[in-house]
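So the sequence lines, in the order shown, correspond to chains A, B and C. Going by the working numbering, the first residue of the first sequence is number 121, and it counts up by one from there. Going by the working numbering, the first residue of the second sequence is number 121, and it counts up by one from there. Going by the working numbering, the first residue of the third sequence is number 121, and it counts up by one from there. Think of the CB as a built atom: it goes at the ideal place given N, C-alpha and C, for glycine as much as any other residue. Source: prediction; values computed, not measured.
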Amino acid sequence: MSVFELHPDRFFDPEPKVRNIARALYENVKNLPIISPHGHVDPQLLADNLPFPDPTELLLIPDHYIFRMLYSQGIPLEKLGVPTIDGSHVEKDHRKIWQIFSSNFHLFTGTPTGAWLEHEFAEVLEINKKPDADNAMRLYDEIQEKLKSPEFRPRALFEQFNIEVLSTTDGAADSLEHHKTILQSAWDGRVVPAFRPDAVVNILMPGWKLEIEKLEKASGMEITSFQSLILALKKRRAYFKKMGATSTDQGVFSPFTHKLSEKEADTIFQRALKGQANINDAHLFTAHMLMEMACMSIDDGLVMQIHPGSLRNHNNAIFKKFGLDKGCDIPVQTEYTNNLRTLLNSYGNNPGFNLIVFTLDEATYTRELAPLAGHYPAMKLGPAWWFHDSIEGMARYRQMVTETAGFYNTVGFNDDTRAFLSIPSRHDLSRRIDSNYLARQVARHIIDIEEAKVLGKVLAYSLAKEAYKL
Amino acid sequence: MSVFELHPDRFFDPEPKVRNIARALYENVKNLPIISPHGHVDPQLLADNLPFPDPTELLLIPDHYIFRMLYSQGIPLEKLGVPTIDGSHVEKDHRKIWQIFSSNFHLFTGTPTGAWLEHEFAEVLEINKKPDADNAMRLYDEIQEKLKSPEFRPRALFEQFNIEVLSTTDGAADSLEHHKTILQSAWDGRVVPAFRPDAVVNILMPGWKLEIEKLEKASGMEITSFQSLILALKKRRAYFKKMGATSTDQGVFSPFTHKLSEKEADTIFQRALKGQANINDAHLFTAHMLMEMACMSIDDGLVMQIHPGSLRNHNNAIFKKFGLDKGCDIPVQTEYTNNLRTLLNSYGNNPGFNLIVFTLDEATYTRELAPLAGHYPAMKLGPAWWFHDSIEGMARYRQMVTETAGFYNTVGFNDDTRAFLSIPSRHDLSRRIDSNYLARQVARHIIDIEEAKVLGKVLAYSLAKEAYKL
Amino acid sequence: MSVFELHPDRFFDPEPKVRNIARALYENVKNLPIISPHGHVDPQLLADNLPFPDPTELLLIPDHYIFRMLYSQGIPLEKLGVPTIDGSHVEKDHRKIWQIFSSNFHLFTGTPTGAWLEHEFAEVLEINKKPDADNAMRLYDEIQEKLKSPEFRPRALFEQFNIEVLSTTDGAADSLEHHKTILQSAWDGRVVPAFRPDAVVNILMPGWKLEIEKLEKASGMEITSFQSLILALKKRRAYFKKMGATSTDQGVFSPFTHKLSEKEADTIFQRALKGQANINDAHLFTAHMLMEMACMSIDDGLVMQIHPGSLRNHNNAIFKKFGLDKGCDIPVQTEYTNNLRTLLNSYGNNPGFNLIVFTLDEATYTRELAPLAGHYPAMKLGPAWWFHDSIEGMARYRQMVTETAGFYNTVGFNDDTRAFLSIPSRHDLSRRIDSNYLARQVARHIIDIEEAKVLGKVLAYSLAKEAYKL
């Protein structure tokens with residue numbers, strides 16, 4: 121059985137000068153409150169505040185970072201308890217699933233998932249043993265025991281994690297009932313929604329019409345034209361804003377932006393309502409909706425996020441059996457310079473517009489995104505994200521972005537997680553990597569220690585707070 | 121005259137903590153047997169086991185890594201003795217060629233070719249002088265002398281190099297006579313073929329029909345239809361497997377995969393037989409043949425390799441005069457996410473399928489290949505390859521691949537060489553770089569030393585052995 | 121107020137072994153004369169040799185690196201005194217502009233602009249205070265005072281900077297009057313022009329016909345056909361050469377090369393004269409002009425430079441109001457392997473041809489450019505350029521290029537600057553980064569210290585001198 125300790129200097133360069141500076145810089149930021157402006161935690165968790173049922177349900181089943189790695193090594197998702205769409209049988213014995221996970225924990229060596237899990241074990245669950253085939257059941261019991269105690273309830277953890285504000289991501293038609301519950305409760309944790317209209321924008325998605333119907337219901341109006349769609353979205357944005365939202369979020373395949381006339385937009389919309397829209401329609405419609413969303417952002421002040429570049433549900437067999445978000449979204453090459461030009465030329469010089477752009481294509485950091493963020497006042501660059509939210513990924517981000525965009529055209533850290541327990545570990549990792557980056561700058565006499573101290577807090581706290589108006 | 125020693129800590133980080141760990145990890149793997157699952161050594165070398173004729177013939181003429189650099193600095197290939205297709209005159213005096221090489225040895229400073237050559241000089245030839253204009257003839261004589269001794273015969277070197285298994289790469293119509301000679305000899309060195317069907321798949325290649333005729337002869341059957349082509353390939357694969365092959369290898373311009381109906385495939389094949397196929401035919405045919413090869417791999421268990429992304433014979437003048445593989449293959453941008461989708465959706469979830477994918481486009485490591493290998497059970501990612509088979513190239517590979525794909529979705533090291541003498545130097549370099557990578561992970565407390573020791577052996581030995589079923 | 125010193129070891133790795141070697145290597149090159157083979161200094165500066173008017177005019181208004189960062193953070197260009205095309209009002213009070221710059225100096229932390237400015241302050245202006253809101257006016261006065269003294273005149277600075285030769289960049293129709301003034305003056309500073317035909321090649325650029333008329337005047341001949349255009353260009357090249365030019369420079373959107381027949385070229389040219397050329401015409405015409413320029417280079421021996429990959433004037437609003445070169449040029453993905461093939465197949469093996477290729481797309485370093493430069497004798501790779509002319513950018517360049525292309529297929533450093541005062545700081549930074557790169561190679565026992573010393577001078581001085589025939 122492998123006992124471990126989280127080393128206090130983990131992730132820092134071993135070179136003593138750098139390490140000493142990194143340690144000092146990290147000390148300065150490690151206890152700052154967590155701003156989590158972009159993530160996927162289920163708000164019901166914090167509304168209901170029920171105990172987590174068991175270790176497998178808490179740590180494994182909802183986390184596609186974990187089961188994608190196990191799947192890649194030949195372990196069927198059924199054996200990992202991932203629920204099927206048609207309800208066909210999957211493993212129900214959570215102990216068995218935990219045993220498989222534990223026996224394969226070595227697969228996560230050197231991955232950020234491994235680093236996050238170790239932090240969760242050591243710091244949150246206070247268990248300093250790495251799971252393995254032998255200790256699996258003992259650890260399961262130990263964790264199970266802890267989950268019963270009041271300090272492991274979601275709200276208690278939220279406070280223990282020192283979260284100042286947590287943003288969820290919510291569909292345009294979402295009732296936000298859990299946010300309402302939280303707002304109306306005596307608990308004063310700040311949990312805000314973010315407006316994600318993808319389901320009603322993506323006219324080719326199976327089930328799109330159903331989503332429009334949901335939006336009709338949520339907005340209390342008929343949606344029979346493009347104009348009424350926009351009106352409904354505006355109403356929903358207003359409601360989201362009232363419920364605390366400060367931002368929107370759009371996942372698109374390509375960041376192509378294009379202005380349609382209202383008539384053109386409506387023609388496509390009508391075709392879509394009849395189920396007759398084609399790929400080109402969808403391409404243009406999404407491009408135009410990015411323009412509309414920017415327009416609305418200027419009106420209502422919500423910060424606009426665009427994250428393109430993922431080919432969703434690459435693996436048809438898995439998608440058909442298990443549905444969305446099962447670790448089969450694969451990045452593609454993404455072009456920003458031409459694609460964003462229409463949007464940036466229309467609104468990029470507008471002092472009332474705030475746009476945050478993400479990428480999964482690191483080749484665009486130095487080539488396109490840092491130059492764009494380093495010029496347009498409206499645009500800022502989102503952090504290393506998803507596959508790049510890692511020790512090396514974050515280091516590459518700073519190395520490739522800073523020299524052209526500076527620090528102040530970036531927006532701090534996003535944990536982007538649906539794994540509630542991983543929030544502190546992700547922020548801690550980010551703070552360590554940024555401290556180390558700054559320490560390397562100081563040790564090479566590129567910046568001085570006073571600048572580094574200021575920047576440490578800026579990167580760990582203020583940029584996110586300001587960029588997202590939180 | 122420049123005397124040199126191979127420093128025992130070469131290629132390791134200078135930081136003392138990292139270097140100490142790297143040294144320890146390297147000690148642990150440096151004497152492991154060499155698994156060479158993918159390379160281009162001429163099997164006749166080991167079948168005949170004749171002495172190497174002279175230093176120039178041994179080290180320079182067959183090695184396009186060497187003459188491409190000299191050519192780039194204005195030295196004509198004719199002066200380097202590279203044989204012309206039409207037999208027109210090239211330098212025959214191998215001493216003169218050696219003199220040119222020696223006078224220009226500084227061009228290789230900082231390149232992997234330079235590092236390999238120094239290793240070959242110091243460790244294999246036991247000469248600790250760098251070639252230069254002055255010492256050229258003395259070194260030539262010294263090496264010439266050594267090549268006469270029995271311990272410099274190919275099989276003796278094979279044993280001295282501690283090669284457990286060496287895979288060659290062989291055309292679909294190859295008689296494998298040299299493999300047979302080796303198998304039937306008293307010598308027990310393991311030299312296995314790999315099945316490379318490029319010449320019969322690439323219907324636009326000049327000489328393709330001739331290759332089909334060779335395949336007819338080799339398979340003992342007429343090839344008049346697509347169906348008979350497939351049958352002939354199956355027969356040849358069976359023969360290769362009998363002769364020890366465990367893998368196939370396909371070099372394609374693009375990794376585009378696409379399923380044709382048998383009728384469509386045959387229509388193209390018939391056009392090709394008449395010399396009437398066009399570029400689009402070739403594009404579709406190659407895409408379909410990747411599907412067929414995958415199918416056959418599932419049947420016969422041979423591991424499938426795809427290496428795309430090189431524009432072969434970029435320099436027409438050189439190609440016309442000197443032919444293939446003269447250092448004029450230039451990489452192009454390569455797309456995997458969309459291109460491999462058909463193949464991976466058909467066979468990527470199949471537990472009986474083993475696919476190894478290579479790239480020359482490092483931008484795809486984090487963006488496409490690590491995410492794909494980190495999801496599909498059938499797919500693994502080949503090592504840093506060809507232009508990237510170098511100190512910095514291998515370091516970038518680990519840094520960019522590991523966090524998403526982990527270590528176990530990669531396949532260890534391939535030397536990919538036609539330069540027999542460079543095999544130990546290439547494996548040694550790889551083992552040093554991986555030891556250093558792991559040492560940096562340990563020194564930053566990302567993994568612990570026990571994990572690193574296990575991984576060291578996994579990367580240097582077991583992954584290649586297992587992934588290639590050797 | 122923040123006092124600072126330039127640390128003697130700045131930009132070097134903190135690891136003591138590396139730092140000691142880097143320091144020794146840097147000592148060896150720091151006082152070498154500056155070869156500046158590619159830049160944008162206004163030759164009138166050195167022809168007139170007048171005092172610089174004031175700090176804002178000297179350091180801020182002409183430098184788009186500076187005002188693009190300020191603009192990205194919401195400061196209008198009007199407030200920074202950037203002149204408008206229509207002469208509409210912008211800030212005229214240079215003290216106010218200096219105050220804004222100083223109050224926002226923290227935006228440059230961690231950027232190369234910041235590093236260059238600090239060097240200019242400390243080494244050229246001998247002021248060891250970083251600008252801030254409080255000290256702005258005092259610094260302004262201090263600098264203003266210095267600018268009056270004779271040692272701050274342009275020619276005195278040229279000598280103090282130890283510039284051996286400075287190349288400007290000049291339009292094909294330029295009279296080179298300032299170069300003539302310098303040549304005819306008693307001053308013996310070497311300032312040579314470089315021939316840049318973009319304005320007469322780019323047939324779609326607004327004002328193109330006017331440029332043709334200027335070229336007619338400059339060449340003393342009518343330009344009514346493609347043939348006469350070529351003749352005029354040849355005459356101008358001859359004149360530039362007579363005035364000291366050794367190179368040409370072409371900025372193109374794409375490096376696509378293609379050979380048109382003379383008739384095809386003339387047909388497009390005639391359409392262009394009538395204002396009827398379309399995008400495809402322009403694409404083909406530029407591609408063909410690259411072929412023609414190569415041809416002329418073989419004839420007259422001028423070194424040919426191509427720098428593609430920038431989408432110029434991305435921000436229409438800024439372009440319309442302020443014109444070219446206002447920090448709104450954004451890089452795009454660039455393809456070289458296919459695009460340069462026609463050119464390289466025609467002239468790349470020609471010993472009389474010298475081609476230097478630049479990129480803004482770092483993904484092409486290892487994939488396309490190092491392999492091309494490492495093969496074709498005519499082609500060399502330009503240095504890390506524009507957005508990549510930075511501490512990390514230069515380090516990436518060496519790490520990604522050297523292993524495939526070696527050192528001798530690169531061309532040393534280009535400062536590429538229009539900011540005269542930044543020349544020594546840019547060369548100093550480059551010499552430091554290369555010293556550090558070589559030191560890391562030595563400390564890892566990849567090259568030895570004697571090789572590093574030779575290479576240090578090669579990279580800092582001789583490569584540029586030789587590649588540009590200076």
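Output, in chain order, the set of chain A residues within a Cβ distance shorter than 7 angstroms of B:ARG356.
Here residue 356 of chain B is taken as the residue at index 236 of the second sequence, counted from 1. Those do not exist, as B:ARG356 stays about 29 angstroms from chain A at its closest Cβ, beyond 7 angstroms.
Compare the C-beta of C:ASN255 against all C-beta atoms of chain A and say whether one is closer than 8 angstroms.
Taking the third sequence and counting its residues from 1, one reaches residue 255 of chain C at position 135. Not closer than 8 angstroms to any Cβ of chain A, the Cβ of C:ASN255 fails to qualify, so no.
Which residues does DSSP pair with B:GLN370 in a beta bridge?
Here the question's residue 370 of chain B lines up with position 250 in the second sequence. According to DSSP, which records beta bridges pairwise, B:GLN370 is partnered with B:ILE426.
In this structure, what does DSSP give as the bridge partners for C:GLY619?
The question about residue 619 of chain C has no answer, for chain C in this structure spans 121 to 590.
How many whole angstroms separate the CB atoms of C:TYR191 and C:GLY447, which I take to be in contact at a CB cut-off of 8 angstroms?
To locate residue 191 of chain C, count along the third sequence from 1; it is residue 71. To locate residue 447 of chain C, count along the third sequence from 1; it is residue 327. Confirmed, Cβ separation roughly 7 angstroms.
Which chain B residues are close to C:ARG143, counting only those with a beta carbon under 7 angstroms from its beta carbon?
Here residue 143 of chain C refers to the residue found at position 23 of the third sequence. Those do not exist, as C:ARG143 stays about 14 angstroms from chain B at its closest Cβ, beyond 7 angstroms.
Got a sec? Which residues, its chain only, sit under 7 angstroms from B:VAL562 by beta carbon, not counting five neighbours each side?
Your numbering for residue 562 of chain B matches position 442 in the second sequence. These residues qualify, in order along the chain: ILE141, ASP568, ILE569 and ALA572.
Please identify the residue among B:ALA504, B:ASN151, B:ASP174 and B:ASN470 whose C-alpha is closest to the C-alpha of B:TYR485.
Translated into the one-based positions of the second sequence, residue 485 of chain B becomes position 365. That would be B:ALA504, whose Cα lies nearest to the Cα of B:TYR485.
Between the Cα of C:LEU492 and those of B:ARG432, B:GLY494, B:LYS589 and B:VAL521, spot the shortest distance and give me the residue it belongs to.
As a first step, residue 492 of chain C must be located in the third sequence, where it is residue number 372. Nearest option by C-alpha distance: B:ARG432.
Taking 8 angstroms as the threshold (beta carbon to beta carbon), is C:ASN458 in contact with chain B?
The residue you call residue 458 of chain C lines up with position 338 of the third sequence. It does: the Cβ of C:ASN458 has a partner Cβ on chain B nearer than 8 angstroms.
Which residues does DSSP pair with A:VAL285 in a beta bridge?
Stepping through the first sequence from its first residue, residue 285 of chain A is reached at position 165. A:VAL285 is bridged to A:ILE155.
For chain C, find out if any of its Cβ atoms is closer than 8 angstroms to the Cβ of B:SER223; answer yes or no.
Numbered from its first residue, the second sequence carries residue 223 of chain B at position 103. Answer no: the Cβ-Cβ gap between B:SER223 and chain C never drops below 8 angstroms.
Residue-chain proximity (C:LEU431, chain A), Cβ-Cβ < 8 angstroms:
Numbered from 1 along the third sequence, position 311 holds the residue referred to as residue 431 of chain C. Closer than 8 angstroms to some Cβ of chain A, the Cβ of C:LEU431 qualifies, so yes.
Identify whether A:LEU227 lies in helix, strand or coil by the three-state DSSP scheme.
Your numbering for residue 227 of chain A matches position 107 in the first sequence. Reduced to three states, the DSSP call for A:LEU227 is helix.
Do you know offhand how far B:VAL202's Cα is from B:HIS184's?
Numbered from its first residue, the second sequence carries residue 202 of chain B at position 82. Numbered from its first residue, the second sequence carries residue 184 of chain B at position 64. So the alpha carbons of these two residues sit roughly 10 angstroms apart.
In chain order, what are the residue ranges of uninterrupted beta strand (DSSP E) at least 3 long that sit wholly in the segment 485 to 546 of chain B?
499 to 501
Please confirm whether B:PHE278 has its beta-carbon closer than 8 angstroms to some beta-carbon of chain C.
In the second sequence, the residue the question calls residue 278 of chain B occupies position 158. False, the Cβ-Cβ gap to chain C never drops below 8 angstroms.
In or out: A:SER222 buried (at least 16 other Cβ within 10 Å) or exposed?
Taking the first residue of the first sequence as position 1, residue 222 of chain A is located at position 102. Per the 10 Å Cβ criterion, buried.
Give me the chain A residues within the contact set of B:ILE566, using Cβ-Cβ distance strictly less than 8 angstroms, ordered along the chain.
Against the second sequence, residue 566 of chain B aligns to sequence position 446. Chain A residues near B:ILE566: ARG130, PHE131, GLY230, ALA235 and ILE511.
What first and last residue would you give for the alpha helix (DSSP H) that runs through C:ILE263?
The residue labelled residue 263 of chain C in the question sits at position 143 within the third sequence. Taken as a continuous stretch (DSSP letters only), the alpha helix (DSSP H) holding C:ILE263 covers 256 to 267.
Buried versus exposed call for A:GLN396 [16 or more other C-beta atoms within 10 Å across all chains shown]:
Position 276 of the first sequence holds residue 396 of chain A. Classification for A:GLN396: exposed.
Give a yes or no on whether 8 angstroms exceeds the smallest Cβ distance from C:VAL531 to chain B.
Numbered from its first residue, the third sequence carries residue 531 of chain C at position 411. Closer than 8 angstroms: no.
To the nearest angstrom, how far is the alpha carbon of A:ILE302 from that of A:ALA167?
For the purposes of this step, residue 302 of chain A is identified with residue 182 of the first sequence, where counting begins at 1. For the purposes of this step, residue 167 of chain A is identified with residue 47 of the first sequence, where counting begins at 1. Roughly 5 angstroms between the two C-alpha positions.
Cβ distance (whole Å) where A:ASN224 is taken to contact A:PHE124 below 8 angstroms
In the first sequence, counting from the first residue as 1, residue 224 of chain A sits at position 104. In the first sequence, counting from the first residue as 1, residue 124 of chain A sits at position 4. No, A:ASN224 and A:PHE124 are not in contact; Cβ-Cβ is about 17 angstroms, not under 8 angstroms.
Same chain only: Cβ atoms within 6 angstroms of B:THR530, ignoring 5 sequence neighbours per side:
Walking along the second sequence from the start, residue 530 of chain B turns up at place 410. Same-chain partners within the cutoff: LEU501.
Any C-beta of chain C sitting closer than 8 angstroms to the C-beta of B:MET121?
By one-based count along the second sequence, residue 121 of chain B stands at place 1. For B:MET121, the predicted structure reports a pLDDT of 48, less than 50, and the residue's modelled location is therefore unreliable. The matter cannot be settled from this model.
Comparing C-alpha positions only, which one of B:THR454, B:GLN453 and B:ILE476 sits nearest to B:LEU464?
For the purposes of this step, residue 464 of chain B is identified with residue 344 of the second sequence, where counting begins at 1. Among B:THR454, B:GLN453 and B:ILE476, the Cα nearest to that of B:LEU464 is on B:ILE476.
Can you tell me the Cα-Cα spacing of A:GLU382 and A:PHE346, whole angstroms?
Walking along the first sequence from the start, residue 382 of chain A turns up at place 262. Walking along the first sequence from the start, residue 346 of chain A turns up at place 226. Approximately 8 angstroms, taken between the alpha carbons.
Chain A contacts from the segment 468 to 495 of chain B (Cβ-Cβ distance under 8 angstroms)
GLY468, ASN469, PRO471, ALA483, THR486, ARG487, GLU488, ALA490, PRO491, LEU492, ALA493, GLY494 and HIS495
Check whether chain A comes within 8 angstroms of C:MET189, counting only Cβ atoms and requiring the distance to be less than that.
Position 69 of the third sequence, counting from 1, holds the residue named residue 189 of chain C. It does: the Cβ of C:MET189 has a partner Cβ on chain A nearer than 8 angstroms.
Quick check on A:MET121: does DSSP put it in helix, strand or coil?
For the purposes of this step, residue 121 of chain A is identified with residue 1 of the first sequence, where counting begins at 1. Reliability fails at A:MET121, whose pLDDT of 48 lies under 50, so the model's placement of it is uncertain and no value is given.
Nearest residue (CA-CA) to C:GLY234, options C:GLN280, C:ILE195, C:GLU198 and C:LEU179:
Along the third sequence, one-based indexing puts residue 234 of chain C at 114. Ranking C:GLN280, C:ILE195, C:GLU198 and C:LEU179 by Cα distance to C:GLY234 puts C:LEU179 first.
B:GLN453 versus chain C: which residues are under 9 angstroms apart at the beta carbon?
Position 333 of the second sequence, counting from 1, holds the residue named residue 453 of chain B. Residues of chain C passing the Cβ test: GLN453, GLU455, THR457, ALA483, THR484, ARG487 and GLU488.
Starting from C:LEU475, follow the beta strand (DSSP E) in both directions and report where the run begins and ends.
As a working mapping, residue 475 of chain C is identified with position 355 in the third sequence. Taken as a continuous stretch (DSSP letters only), the beta strand (DSSP E) holding C:LEU475 covers 475 to 477.
Measuring only between beta-carbons, confirm whether C:PHE373 sits less than 8 angstroms from chain A.
As a working mapping, residue 373 of chain C is identified with position 253 in the third sequence. So, not an interface residue.
Name the chain C residues whose beta carbon is nearer than 9 angstroms to that of B:ALA525?
As a working mapping, residue 525 of chain B is identified with position 405 in the second sequence. Going along chain C, no residue has its Cβ under 9 angstroms from B:ALA525, so there is no contact; the nearest lies around 20 angstroms.
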